[in-house]
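Protein chains: 2
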Amino acid sequence: MTTAGTDGPTDRESKKRRTRLRLHTAAVRLAVERGYQATTADEIAAAAGVSPRTFFNYFATKEDAIVGSDPDRPARLHRAVVERPSHERPAEALRAVLTDQVREMEGDPDLWRMRSTLAASTPELSTRLAGAGDRLETALVEAVYLRAGTDPADDLATGLSARLAMAAVRAAFHQHRAAGADGSLADRLDTAFDAAGVR
Amino acid sequence: MTTAGTDGPTDRESKKRRTRLRLHTAAVRLAVERGYQATTADEIAAAAGVSPRTFFNYFATKEDAIVGSDPDRPARLHRAVVERPSHERPAEALRAVLTDQVREMEGDPDLWRMRSTLAASTPELSTRLAGAGDRLETALVEAVYLRAGTDPADDLATGLSARLAMAAVRAAFHQHRAAGADGSLADRLDTAFDAAGVR
DNA sequence: TATCTTTTTGCACACACTGCAAGTTTTGAC
DNA sequence: GTCAAAACTTGCAGTGTGTGCAAAAAGATA
C-alpha cells in the first residue's frame, strides 16, 4: 500500500526522515513540558510511536534527540571555507561562510529559540551545544590553516581569525536573544564581525 | 590511630583531599592506559582503594573524575573581573585576570598536557572541556556587562570583548600545543591578546 | 569510655545504551 | 503478482552509570 500522491514520494528515505523528525519533536516537547531529566528515552519512543530500541537506531543518545545537531556540519563548513575563492583572506572567507550559515538558521527561528531556552535551563544540553560549537570552531581553524598553508606552531594569526569569527557569532546570538529575538540576526552578525575585526 | 607527625595534619579534611586526589589520578592513569570507554567507574574505585559507591560520593560522573575541573572557577574569575580597578576598560580587566589564571596553570604543565591529550582522543572529554570553557566565557561576559552597567540587548561591544579574550586564550593554547608545549605560554597569550585587539 | 558527627559501604533500583537474532516491511526483478 | 534480497524494526538479555537509603565503620569531642 503505497498510495503515491497523498504522501508525495513515499520511499524508505522519506519515512525515515519523518520518523526522525517525530522523535526529535517528541523529545523537545517532552523535555519542555516536564524537564529533561524527567523525560526517559522510552517515553520519547512511545510518544513517537516506535519501540524503545528503535529510538537508539536514530539517535545515539537522549541528548542528541533533543539537540539534533547535524554531526557533519563542521565538515561541511570546513569544505565551504576551503573552496572559497583563493584571493580572499581568511577573515573574508569565514565571514562569507558563516553569514550564509546564519541566514539558513534564521529560516527556523522557533526551533532555535526552543533549543536555546532548553539549553539555558539544563546544563547537560548547554554542554552539548558548547561541544558542537567547539567542534565547529576547530574545523574552521583547520580550514583557514589549510588555505594559508602555514604551520600552526608559527602562525598564530590565521587560526585566531577563525576563533574571532566564532566569537562574533556567539556574541551576535547572545545579543539577539537578549533583545527578545527581535530584529535581524544577520544584521547583528555583520556588526559583530566588524567590531571583532573580521574583515 | 592518628600518628600526627608521620603524615602531617591528619584530620578528616586532609584524608578527603587525598582520597579525591587518589581517585583523580587513578582515573587519569587508567584512561590513558586503556582508554576512557574501556575504564569503568568500579575499576577506578578499586585502583584508588575505595568502594564503587564511594567513587560517586567524590565525583558526580566518571568524566568529572578525569577532567576534575573546578566547578567554581567561573564564579571566581567573574569576581576577579568585577573587582578590578574601575578605571580599567573591559579589555584591560579581562586581560589582567586571564593572564593571572594562565600563569597559575603553567605551574602544572604535565597535568594540562595529559588532560588535553586525553580530550583530543575522546569526544566525551573534549565536549566536557568545551562546556567548561563555555561556562567560563559566559561568566566573563556577565562580569564585563556588570562593570559597564549597560544592557546586553543594546551594547554588543562589551560582551564581545570577553569573547574575543577567550578566543585569544584558546588560540594561544592551541599554538602552544602545536609547538610541542615549547616556550612560554604567557608570552604567546600576550601576542594573542594584542592580535585580537584585547587592550 | 561514652557519645555525637561524618564518612564509607552494601543493597536495591532506575535508566541509558549495545549486540544479537528473529520478525516485518520495502524494493526490484521476473 | 510472486519472490528473493536488502533495509528497517523489534524484543531480549546484558553492561555500565548514577542515586536513595540505611546500616556499619571511623573520626572527633568530652
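Chain order of the listed sequences is F and A.
In terms of numbering that gives the first Met the number 0, the first sequence opens at residue 0 and continues consecutively.
In terms of numbering that gives the first Met the number 0, the second sequence opens at residue 0 and continues consecutively.
Cβ atoms here follow ideal geometry from the backbone N, Cα and C, with glycine treated the same way.
Note that the coordinates shown come from a computational prediction; the quantities given were computed from them, not determined experimentally.
By the Cβ neighbour-count rule, residue 137 of chain A is buried, with 16 or more other Cβ atoms within 10 Å of its own. Shown here, residue 173 of chain A sits in a helix according to DSSP, grouped into three states. Apart from sequence neighbours up to five positions away, the residues of its chain that approach residue 105 of chain F with a beta-carbon distance below 6 Å are 184, ordered along the chain. Of the candidates F:99, F:49 and F:55, F:99 places its Cα closest to the Cα of residue 188 of chain F.
The stretch 124 to 141 of chain F and the stretch 172 to 179 of chain F do not touch, with fewer than 3 CB-CB distances between them shorter than 8 Å. Residue 170 of chain A is not a Cβ neighbour of residue 139 of chain F, given a cutoff of 9 Å. At a C-beta separation below 7 Å, residue 162 of chain F has these neighbours in chain A: 166, 169 and 170.
Per the Cβ contact rule, the stretch 10 to 28 of chain F is in contact with the stretch 52 to 64 of chain F (3 or more Cβ pairs under 8 Å). Contact annotation: residue 167 of chain F and residue 197 of chain F have beta-carbon atoms nearer than 9 Å. Legend: CB atoms of the stretch 60 to 86 of chain A lying less than 7 Å from CB atoms of chain F are not found in any residue. Residue 90 of chain A is positioned such that its CB atom lies closer than 9 Å to that of residue 164 of chain A.
In terms of beta-carbon proximity, residue 21 of chain A stays away from the interface with chain F, with every pair separated by 9 Å or more. Within the same chain, Cβ atoms closer than 6 Å to the Cβ of residue 40 of chain F are found at 54 and 61, the five residues on either side in sequence being excluded. Here residue 100 of chain A carries a helix assignment [DSSP, helix/strand/coil].
Excluding sequence positions up to five before and after residue 42 of chain F, its CB lies within less than 7 Å of the CB of 29, all in the same chain and listed in chain order.
Residue 64 of chain A places its beta carbon less than 9 Å from that of residue 22 of chain A.
Distances from the alpha-carbon of residue 26 of chain F to those of F:161, F:46, F:186 and F:10 put F:46 closest.
Contact annotation for residue 127 of chain F against chain A: 126 and 130 [CB-CB distance below 9 Å, chain order]. In the DSSP assignment, residue 143 of chain A falls within the unbroken alpha helix (DSSP H) covering 122 to 147.
Following the DSSP letters along the chain, one finds residue 85 of chain A in no alpha helix (DSSP H), marked with neither H nor E. Annotated three-state conformation of residue 198 of chain A is coil, per DSSP.
When the five nearest sequence neighbours on each side are left out, the beta carbons in the same chain lying within less than 8 Å of the beta carbon of residue 102 of chain F are those of 185, in order along the chain. Residues of chain A with a Cβ closer than 9 Å to the Cβ of residue 174 of chain F are, in chain order, 151, 152, 153, 154, 155, 158 and 159.
Its chain contains 151, 157 and 158 as the residues whose beta carbon lies nearer than 7 Å to that of residue 144 of chain A, once the 5 sequence neighbours on both sides are disregarded; these appear in chain order.
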